[in-house]
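Some notes on the structure that comes next.
Number of protein chains: 2
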Amino acid sequence: MSRKNFGSKTWLYPMPVLIVAAYGKDGKPNAMNAAWGGIYTDNTIGVCIAESHKTTQDILASGAFTVSMATADRVIACDYVGIVSGNREPGKFAKAGFHAVKSEFVNAPLIAELPMALECELLSYDKESNFMTGKIVNVSADEDILGSDGQIDVARLKPIVYDPVHHTYLKIGDKAGTAFSDGKQLR
Amino acid sequence: MSRKNFGSKTWLYPMPVLIVAAYGKDGKPNAMNAAWGGIYTDNTIGVCIAESHKTTQDILASGAFTVSMATADRVIACDYVGIVSGNREPGKFAKAGFHAVKSEFVNAPLIAELPMALECELLSYDKESNFMTGKIVNVSADEDILGSDGQIDVARLKPIVYDPVHHTYLKIGDKAGTAFSDGKQLR
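As structure tokens, then:
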């Protein structure tokens, strides 16, 4: 084994592309793009978002947020909300082509154009690490992306992956195996 | 928009397949499979692993761990270490077909068969949430998975994604877009 050492890097495969959305004090929706995060513990999500972001301030004020999965179908919009600050562009959400629909469960906007989202209540925000945690109150998905079993079909959802080395977004491909099953042959 | 509500679920796309490894007090390597986690903040990783796992106990004792990316080429071994407990099967690491090589940077084993890993020093473990954080001291990758630019090539690494709805492992596919770039056209 000959390995190359890259030093201390914030790299992982796969990294998610999480579109975090909240309502501002004026009732207008805002959204941002975050790759640092994942499931925190049972029914909770954790995501690292800087305190200066408008979305962060909106979540701290409203106590709620949604996390939509970025999709291959909306990659331009999902990248746009990661490039442009809501502090400087008040029309950011609409300019992305997003339409807000209020969550039935929390005081935060779902994004009509992104077909799967976690609807969350704010649990904690640590100003040192910028790590925010939220309780996943509900997961909702557009009927269009459900398979014949009534469950989310990843091939229809088309979530994207962030490649932190080449700064590209990647699609998800074919099945590689079955969890809690393939490994049994080594027992 | 017609959405189906699934209630409180621990679902996200993409979820990683993280192979967390550490040395036991006897110097023997152990490894487990974790999907709950991601980047925590700059140069740190966070992963949720139950206190009862042998690997958790080994990390708490040794103060170090590695996180290798599970790959399509080793899906059987990566699933196996998620099914079988190191507390009941002392030969788990070898039975998976894994060979340990000590990290140059931390007191934890790299896995020769998994070509990319984060080498980490334990920062914190919270017994309430089971959330562990580690400082990424080094990222290393096998020369075989580097592209002509000397960087990690995701097409050679072949990391897998966990689908929490159907309990399958998925490959990563083609490019969907370019980060910090595609969105500029909406400015």
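For the record, the sequence lines run as chains H and V.
If you count by our numbering, then the first sequence holds residues 2 to 188, one letter each, in order.
If you count by our numbering, then the second sequence holds residues 2 to 188, one letter each, in order.
Even glycine gets a Cβ: it sits at the ideal position worked out from N, Cα and C.
CB contact below 8 Å: residue i versus chain H
i: Met96 (chain V); result: First, the residue type needs correcting, since residue 96 (chain V) is Lys and not Met in the sequence shown. Closer than 8 Å: yes.
i: His54 (chain V); result: no
i: Ile20 (chain V); result: no
i: Leu171 (chain V); result: yes
i: Gly87 (chain V); result: no
i: Thr57 (chain V); result: no
i: Leu187 (chain V); result: yes
i: Ile153 (chain V); result: yes
i: Pro17 (chain V); result: yes
i: Gly135 (chain V); result: no
i: Tyr81 (chain V); result: yes
i: Pro160 (chain V); result: yes
i: Phe181 (chain V); result: yes
i: Tyr24 (chain V); result: no
Supposed close pair residue i, residue j - CB separation, criterion 8 Å
i: Phe99 (chain H); j: Ala78 (chain H); result: 6 Å
i: Thr11 (chain H); j: Asn44 (chain V); result: 6 Å
i: Pro110 (chain H); j: Val102 (chain H); result: 7 Å
i: Thr42 (chain V); j: His168 (chain H); result: With 8 Å as the limit, Thr42 (chain V) and His168 (chain H) do not qualify as a contact, their Cβ atoms being about 19 Å apart.
i: Gly174 (chain H); j: Ile153 (chain V); result: Incorrect: roughly 18 Å between the Cβ atoms, too far for contact.
i: Val48 (chain V); j: Ala32 (chain V); result: 13 Å between Cβ atoms; not a contact.
i: Ile46 (chain H); j: Ile137 (chain H); result: 6 Å
i: Tyr163 (chain V); j: Pro17 (chain V); result: 7 Å
i: Gly184 (chain V); j: Asp183 (chain H); result: Actually they do not touch by this definition, with Cβ atoms about 38 Å apart.
i: Lys159 (chain H); j: Ala73 (chain H); result: 4 Å
i: Phe106 (chain V); j: Asn139 (chain V); result: 4 Å
i: Glu114 (chain V); j: Arg75 (chain V); result: 5 Å
i: Gly39 (chain H); j: Gly38 (chain V); result: 5 Å
i: Ala23 (chain V); j: Ala65 (chain V); result: 7 Å
i: Ile171 (chain H); j: Ala177 (chain V); result: Residue 171 (chain H) is actually Leu in this sequence, not Ile. The Cβ separation is near 6 Å, so the contact holds.
i: Glu144 (chain H); j: Lys5 (chain V); result: 6 Å
C-beta neighbour in chain V for residue i, strict 8 Å
i: Thr42 (chain H); result: yes
i: Phe66 (chain H); result: no
i: Tyr14 (chain H); result: yes
i: Asn6 (chain H); result: yes
i: Glu144 (chain H); result: yes
i: Ser149 (chain H); result: no
i: Ile60 (chain H); result: no
i: Val107 (chain H); result: no
i: Ser130 (chain H); result: yes
i: Lys103 (chain H); result: no
i: Gly92 (chain H); result: no
i: Tyr126 (chain H); result: no
i: Asn189 (chain H); result: As displayed, chain H neither begins before 2 nor continues past 188, which places residue 189 (chain H) out of reach and without an answer.
i: Ser69 (chain H); result: no
i: Gly39 (chain H); result: yes
Where residue i sits in the DSSP three-state scheme
i: Leu124 (chain V); result: strand
i: Val102 (chain V); result: strand
i: Tyr81 (chain V); result: helix
i: Asn18 (chain V); result: The question names Asn, yet the displayed sequence has Val at residue 18 (chain V). Three-state result, Val18 (chain V): coil.
i: Leu171 (chain H); result: strand
i: Ala109 (chain H); result: coil
i: Asp59 (chain H); result: helix
i: Val166 (chain H); result: coil
i: Phe66 (chain H); result: strand
i: Lys176 (chain H); result: strand
i: Ala36 (chain H); result: coil
i: Ala97 (chain H); result: coil
i: Gly184 (chain V); result: helix
Any non-hydrogen atom of the ligand GDP within 7 Å of residue i CB
i: Ala73 (chain H); result: Inclusion of the ligand GDP in the displayed structure is not the case, the ligand content being empty and no account of it being possible.
Bridge partner(s) assigned by DSSP for residue i
i: Cys49 (chain V); result: V:Phe132
i: Tyr41 (chain V); result: According to DSSP, which records beta bridges pairwise, Tyr41 (chain V) is partnered with nothing at all.
i: Arg4 (chain V); result: H:Asp143
i: Asp150 (chain V); result: Its beta-bridge partners do not exist; DSSP assigns none.
i: Ile137 (chain H); result: H:Cys121
i: Gly87 (chain V); result: Gly87 (chain V) pairs with nothing; no bridge assigned.
i: Ala23 (chain V); result: V:Asn31
i: Glu72 (chain V); result: In the sequence as displayed, the identity of residue 72 (chain V) is Thr instead of Glu. In the DSSP output, where bridge partners are listed per residue, Thr72 (chain V) has V:Pro160.
Chain-order list of residues whose beta-carbon lies under 8 Å from that of residue i (same chain, five-residue window excluded)
i: Val166 (chain V); result: Trp12
i: Leu61 (chain V); result: Leu123 and Tyr126
i: Ala51 (chain H); result: Thr57 and Asn131
i: His155 (chain V); result: His is not the amino acid found at residue 155 (chain V); the sequence shown has Val there. Ile173.
i: Met117 (chain V); result: Ser69, Met70, Val140, Ser141, Ala142, Asp143, Ile146, Ile153, Leu158 and Pro160
Contact set for residue i: own chain, Cβ-Cβ below 6 Å, skip 5 residues either direction
i: Asn189 (chain H); result: Because chain H here runs from 2 to 188, residue 189 (chain H) falls outside it and cannot be looked at.
i: Val82 (chain H); result: Ala32, Met33, Asn34 and Ala97
7 Å CB neighbourhood of residue i in its chain, flanking five on each side removed
i: Leu119 (chain H); result: Ile46, Thr67, Val68, Ile137 and Val140
i: Cys121 (chain V); result: Ile46, Ala65, Phe66, Thr67, Val68, Val107, Gly135, Lys136, Ile137 and Val138
i: Lys128 (chain H); result: Glu52
i: Val85 (chain V); result: Lys93
Residue-level contact to chain A via CB, residue i, 8 Å cutoff
i: Ile50 (chain H); result: Absence of chain A from the displayed structure is noted, the protein chains being H and V.
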